[in-house]
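Here the structure comes first, spelled out in structure tokens, and everything after it is commentary.
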Amino acid sequence: MKERIKFYGRKKGKKLKENREKLLLNFLDKVKLDPEKSFEVTDIFSQSFDKHVLEIGFGGGEHIAAQSLKNQDTGYIGAEVFINGIASLLAHLTGHEGGEALADGRVDNVRIFNDDVRLILPSFKNNCFDKVYLLFPDPWPKTRHKARRFVNHPQLDELSRIMKSGGEFIVASDDMTYIRWALFVMSERKDFDIIWTKSEEYFTQPNGWEQTRYETKALNQEKKPVYLVFRKK
Ligand SMILES: C[S@@+](CC[C@H](N)C(=O)[O-])C[C@H]1O[C@@H](n2cnc3c(N)ncnc32)[C@H](O)[C@@H]1O
Numbered sequence: 018m019k020e021r022i023k024f025y026g027r028k029k030g031k032k033l034k035e036n037r038e039k040l041l042l043n044f045l046d047k048v049k050l051d052p053e054k055s056f057e058v059t060d061i062f063s064q065s066f067d068k069h070v071l072e073i074g075f076g077g078g079e080h081i082a083a084q085s086l087k088n089q090d091t092g093y094i095g096a097e098v099f100i101n102g103i104a105s106l107l108a109h110l111t112g113h114e115g116g117e118a119l120a121d122g123r124v125d126n127v128r129i130f131n132d133d134v135r136l137i138l139p140s141f142k143n144n145c146f147d148k149v150y151l152l153f154p155d156p157w158p159k160t161r162h163k164a165r166r167f168v169n170h171p172q173l174d175e176l177s178r179i180m181k182s183g184g185e186f187i188v189a190s191d192d193m194t195y196i197r198w199a200l201f202v203m204s205e206r207k208d209f210d211i212i213w214t215k216s217e218e219y220f221t222q223p224n225g226w227e228q229t230r231y232e233t234k235a236l237n238q239e240k241k242p243v244y245l246v247f248r249k250k
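First residue of the sequence shown: 18, per my numbering; consecutive thereafter.
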């Protein structure tokens with residue numbers, strides 16, 4: 018058994034509709050990862066992919082669902098603890114509520130870890146991910162909660178280990194405390210470079226972007242999200 022890690026966020030929201038409950042019952046098992054195993058990322062899928070991408074805290078799954086549909090040569094792993102969000106991603110993947118199979122036109126290129134991502138990171142062998150997304154993470158803006166922010170050295174040590182050299186770590190947030198924090202912590206790392214240096218580029222969505230739910234919320238409130246791209250050396 019791996020050690021339990023304390024999780025501070027929400028695991029459940031409002032009661033799920035019957036169809037979403039059915040999706041969790043009928044479909045989650047087909048795509049979920051077992052953290053007790055140690056694996057090569059290539060062994061997770063039933064076919065081989067050119068690239069592998071990890072999305073941490075995918076929320077409602079809008080970004081991973083759209084990216085995985087568009088990039089069928091890439092295997093995606095998404096981690097999320099919030100059960101309503103997991104059911105939402107399953108609905109995106111099956112294309113209909115309560116479904117038991119992938120939607121037409123989808124390849125089987127998404128796997129889900131339905132718990133705290135920190136529990137699965139040690140299961141991955143070294144140098145497997147081409148890209149890692151951390152999109153609109155819980156900001157934990159109070160200084161006394163800064164240890165709860167995902168961007169902290171213990172998590173970054175693990176990301177660094179499982180990312181390929183040249184791989185990208187993409188962090189987006191509309192919370193400037195988080196952005197300043199991420200830049201500060203990442204500046205202490207010898208194993209990552211920040212890619213963009215012109216200040217206006219921080220406000221530009223990287224190529225091939227798919228908007229997330231929290232990003233839409235921020236834009237509707239006229240907040241300006243910042244997009245940081247770090248490259249693993
Ligand atoms: C503010 S929401 C953003 C969701 C989504 N990325 C978006 O942009 O719409 C942050 C999400 O990260 C998830 N989360 C936070 N810590 C996590 C962890 N350690 N492992 C997996 N998911 C986590 C939360 O459950 C929540 O759904």
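Glycine is no exception: its CB is placed at the ideal position from the N, C-alpha and C atoms. Everything numeric in this text was worked out from a predicted model, so none of it was measured.
Asked	Found
Residue(s) in a DSSP beta bridge with Ala108	BP columns for Ala108 are empty, so no partner.
CB-CB length for Lys199 against Val246, believed under 8 Å	This sequence places Ala at residue 199; Lys is not what is there. Actually they do not touch by this definition, with Cβ atoms about 11 Å apart.
Cβ pair count under 8 Å reaching 3, the stretch 106 to 117 against the stretch 37 to 47	yes
Where Asp174 sits in the DSSP three-state scheme	helix
Classification of Asn237 by the beta-carbon crowding that lies within 10 angstroms, buried from 16 upward	exposed
Residues near His80 by beta carbon distance below 8 Å, same chain, minus five either side	Glu72, Tyr150, Leu152, Glu227, Gln228, Thr229
Which residues DSSP lists as bridging Gly95, in chain order	Glu72, Ile129
Any non-hydrogen atom of ligand 1 closer than 7 Å to Ile100 Cβ	no
Glu117 versus Phe186 - alpha carbon distance	33 Å
Beta-carbon contacts of Ile61 that lie in its chain and below 8 Å, excluding the five residues immediately before and after	Leu50, Gly92, Ile94, Arg128
DSSP-derived helix/strand/coil call for Gly122	coil
C-alpha gap between Ala96 and Ser216, whole angstroms	30 Å
Rounded straight-line distance, which links the Cα of Arg161 to that of Gln89	42 Å
Distance cut-off 7 Å: Phe153 Cβ against heavy atoms of ligand 2	Of the ligands this structure carries, namely ligand 1, none is ligand 2.
Nearest-angstrom Cβ-Cβ length linking Glu57 and Lys142, presumed shorter than 8 Å	5 Å
Element boundaries [alpha helix (DSSP H), containing Phe201]	193 to 204
Cβ-Cβ distance between His170 and Val134 below 8 Å	no
Through-space distance from Lys234 to Lys240, alpha-carbon basis	9 Å
Buried versus exposed, by CB contacts within 10 Å (16 or more), Tyr25	exposed
Rounded distance between the beta-carbons of Phe209 and Arg248, thought under 8 Å	7 Å
Integer-rounded CB distance, given that Pro158 should sit under 8 Å from Ser190	In fact, because the Cβ distance is near 11 Å, the residues do not count as touching under 8 Å.
Alpha carbon of Arg165 to alpha carbon of Ile22, nearest angstrom	11 Å
Cβ-based burial, Met18 [other Cβ within 10 Å; buried from 16]	For Met18, the predicted model reports a pLDDT of 46, less than 50, meaning its position is unreliable; a value from the coordinates is still stated below. Met18 should be labelled exposed.
CB-CB length for Gly183 against Phe99, believed under 8 Å	Wrong, their Cβ atoms sit about 32 Å apart, outside the cutoff.
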